[in-house]
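All residue numbers for the sequence shown refer to the UniProt record's numbering, where the first residue is 1 and numbers rise by one. The structure under discussion appears below in the form of structure tokens.
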Amino acid sequence: SGEEAEMLAGIKGEIKACKKLIKKGLKLVVLKQGKEGCTIFSSGLVNSIKVPGFKVEETDPTGAGDSFDGAFIVGYLAGWDLKRIGMFANATGALKVQFFGPMANNTYEEVLKLMETA
């Protein structure tokens, strides 16, 4: 979250904090921004990558962050480009918030289908 980035970097402003963390030597920082999507910072990029969220009807946000994190790791380990990883993670989180409770009820195919609407 932005608050966590600010705390770790020791400065105010979530974007500034993420950039400072990259300057301190982290290779990748992902700023989750809820329904607004995410912003990805990488030591290999000059500019950050803003990945917009998906418009869905929210029922319960419980577990959305964990779903996002898991999906991001899947894409990263698969070697996808950062924009696709961000889209996959955003779509996974967006599908999760449509259901009540902490467990995700969506499939890989459903995530890909939502990504096609971007």
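Don't be surprised by glycine CBs; every beta carbon is placed ideally from N, CA and C. Every value quoted in this text rests on a predicted model; they were computed, and no experiment measured them.
Under the assumption that residue i contacts residue j (Cβ atoms under 8 angstroms), give the Cβ distance between them as a whole number of angstroms.
i    : j   : result
S42  : K27 : 7 angstroms
L82  : I15 : No, L82 and I15 are not in contact; Cβ-Cβ is about 16 angstroms, not under 8 angstroms.
F104 : K96 : Reading the sequence as shown, one finds Ala at residue 104 and not Phe. That belief holds up - the Cβ atoms of A104 and K96 are roughly 5 angstroms apart, short of 8 angstroms.
I85  : G70 : Actually they do not touch by this definition, with Cβ atoms about 12 angstroms apart.
E101 : D66 : This sequence places Gly at residue 101; Glu is not what is there. Actually they do not touch by this definition, with Cβ atoms about 12 angstroms apart.
C38  : N90 : 6 angstroms
The alpha helix (DSSP H) spanning residue i covers which residue range?
i           : result
I73         : A64 to L77
residue 123 : There is simply no residue 123 to check, as the chain begins at 1 and stops at 118 in what is shown.
A111        : The amino acid occupying residue 111 in the given sequence is Val; Ala does not appear at that position. V111 -> alpha helix (DSSP H) spans Y108 to M115.
K83         : L82 to K96
K16         : E14 to K23
Strictly by DSSP, which residues pair up with residue i?
i   : result
F41 : V29
Taking residue i as part of the beta strand (DSSP E), name the residues at either end of that continuous run.
i   : result
K50 : I49 to P52
Is the segment 50–68 in contact with the segment 19–28, if contact means three or more CB pairs nearer than 8 angstroms?
-> Fewer than three pairs of CB atoms, one per stretch, sit closer than 8 angstroms, so the segment 50–68 makes no contact with the segment 19–28.
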